[in-house]
Structure formats: C-alpha cells, structure tokens
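Note that my numbering has the sequence shown beginning at 1, numbered continuously upward. Glycine included, every Cβ here is placed at the ideal spot set by N, Cα and C. Here the structure is laid out as structure tokens; the discussion comes afterwards.
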Amino acid sequence: MTDVSLVFKERFTAAFEKSNFRSFRQLSLKSECSEPLVQQIINGKFDGSRAGPGVFTLFRLASTLGLSLDSLLQSKFYDNSEELAALNDVKGRDPASFDTLMSVHWRSGGRLDGFDHVKEHFDLYRAPTEETITPQIQQIGPKGLLSLRLETTDIRVAQREFDRLSDENKKATTAFHREVMASGIRCDNTFLDHRLHLKPVHVRAGYSRLGLRVEGKDGAPMVLIACKPIPV
1 MTDVSLVFKE
11 RFTAAFEKSN
21 FRSFRQLSLK
31 SECSEPLVQQ
41 IINGKFDGSR
51 AGPGVFTLFR
61 LASTLGLSLD
71 SLLQSKFYDN
81 SEELAALNDV
91 KGRDPASFDT
101 LMSVHWRSGG
111 RLDGFDHVKE
121 HFDLYRAPTE
131 ETITPQIQQI
141 GPKGLLSLRL
151 ETTDIRVAQR
161 EFDRLSDENK
171 KATTAFHREV
181 MASGIRCDNT
191 FLDHRLHLKP
201 VHVRAGYSRL
211 GLRVEGKDGA
221 PMVLIACKPI
231 PV
C-alpha cells in the first residue's frame, strides 16, 4: 500500500501550486497554522511519518485550499475505478457529514443551488452587516440540529429564540458568521447555554459547527450552518 504521508504530500503540493497563494507562509497563516508548516510538508519533513500534522491542522489546510481532506488522501489507495467513482460521488455519502457539505461547496463554487440534495441538513442565515447584532435566520433544515432542538422549522419561532439569546451568545454567533463570510469556510466547537422560550427546556450542550459562505440564486451572499452535537 502506498505511504499515506507521500500521497498527501503529492496531492497537497499539486493543490498548493494550483492555488492563488504566493508563498508557503501565506497559506500557513491563512490556515491558522505555524508559519513553516506548509514548507515542511512540501519539503518532505513528514515523509514516512506515522503521526505528522494533526487531523484538525490538515482539515484547516485542506479547507483553506477549497478541498475536502479525503480528496488529498484517497486516490492511490484504490485501483478499482468503480470504487473511486463511489468515493467521488457526493450523493452517495452521508448527506449530513461536514465532509459532504464541504465537497458540495467546492464542486458548486459556493452556489446554493448545488446543495439542493442535502438542504434538509443545514440552516441558512442572512449575511451579517457591520450593524448586525442578532443572527438572522432565513431557512431551517428539517433534519438539522436547530430543527431538532426547537421541534419546528418555522423561522419566526427560531428568530424569536435568537432574539432572546444572551448578548454574549449573540455576539459570539454573529462573529462566527462574519468569519465565515471573510474566509468562505469555518469550523469549530462551541457550547450553548440557553433556556428556550418555546418550551420549558434549558439547553446546555456542546456542538461542532461548520460554516460555509454561499451565494443564492439572486447572487446574494448567505451563511450556511450545519451543526452536530458533541457526545457527552
């Protein structure tokens, strides 16, 4: 079997050379990695390594290049063309996975209509302006975490909950949306402590969230958010 680190280096180097980044340092900083990391990868520091950079670091690098992590790893491990076709078929993957949503984002060029087959699994928000204080919900996916928490896809109900968030939660959520608009893609872990007004439930839970900047049919920018609970 081909060494994982060598396959990654080869595909990562090709992706970097095709990108708009002009230096190793520029990509490292944009990915929030240590400055020499990209150069170390391309120069072979991790060749044959069983550890190498951590998975979250590689995820950020791949995302900054507009790629999914598996696209930098998979091709040389499979000889059967049918297996490769299955791996590259986004519709055949888990529609709720972050990897699938990132792949769709890359393949569609960020166009919202490219997400039609997975639209039940994410929520949409209006792109924040400098004056935005509270997140503005535009669409709720019936299979997304927000819908499961609220037990509704009514955006009016959801907006009332957002309006009643603490100032700290409003600020943090809006800041995340701004980061998505600035970079095109963001992923992190966060914690929500909020007493719902729709029903007598106090939500205290950690979750992972993926944010993607997308463009609607009218060309208007929007924030796509997908969330997954972090198991306790």
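Next item on the list: Inspect the CB distances between the segment 204-216 and the segment 169-184 and report whether three or more fall short of 8 Å.
Entry: yes
Next item on the list: Taking 8 Å as the threshold, find out whether the segment 116-124 comes into contact with the segment 99-108 through three or more Cβ pairs.
Entry: yes
Next item on the list: Output the distance between the C-alpha atoms of I137 and P229, rounded to the nearest integer angstrom.
Entry: 20 Å
Check: Any idea which residues DSSP pairs P221 with across the strands?
Finding: P221 pairs with E215.
Margin query: For a minimum of 4 consecutive residues, which ranges assigned as the alpha helix (DSSP H) are wholly contained in the segment 97-137?
Written below: 98-108
Next item on the list: Return the first residue and the last residue of the alpha helix (DSSP H) that F46 is part of.
Entry: Unbroken run through F46: none, as it is neither H nor E.
Check: Whose C-alpha, out of C227, A226 and M222, is nearest the C-alpha of D113?
Finding: M222
Notebook entry, point to check: Between R111, T190, T174 and L67, which lies nearest to D99 when the distance is taken from Cα to Cα?
Noted result: Of the listed residues, the one whose Cα sits closest to D99 is L67.
Next item on the list: Assign R209 to one of three DSSP states: helix, strand, or coil.
Entry: strand
Item checked: Alpha-carbon spacing of G184 relative to Q40, whole angstroms -> Between G184 and Q40, the C-alpha separation is close to 25 Å.
Next item on the list: Step through the CB atoms of chain B and report whether any lies within less than 8 Å of the CB of R160.
Entry: In the structure shown, chain B does not exist; there is a single protein chain.
Margin query: For G48 and S5, which I take to be in contact (beta-carbon distance under 8 Å), what is that distance rounded to the nearest angstrom?
Written below: 6 Å
Next item on the list: Figure out for me which residue from T153, S108, P128 and T132 has the closest Cα to the Cα of H121.
Entry: T153
Check: Thinking just about the alpha-carbon of each residue, which of E130, D70 and C227 is nearest to the one in K143?
Finding: C227
Check: Do V38 and F56 come within 8 Å of each other at the CB atom, strictly closer than that value?
Finding: no
Next item on the list: Would you tell me roughly how many angstroms separate the C-alpha atoms of D218 and L29, rounded to the nearest one?
Entry: Taking the straight line from one Cα to the other gives about 33 Å.
Checklist line | Beta-carbon proximity check, E161 vs L150, cutoff 8 Å | finding: yes
Check: If you draw a straight line from the alpha carbon of F12 to that of I42, how long is it in whole angstroms?
Finding: Each residue's Cα considered, the two are about 8 Å apart.
Notebook entry, point to check: Between which two residues does the alpha helix (DSSP H) harbouring S147 extend?
Noted result: L145 to L150
Check: Candidates L224, F46, K18 and A14: which alpha carbon is nearest I140's?
Finding: L224
Next item on the list: Using alpha carbons as the reference points, say which of Y207, I133 and E35 lies closest to L146.
Entry: In this structure, Y207 is the residue among Y207, I133 and E35 with its C-alpha nearest to the C-alpha of L146.
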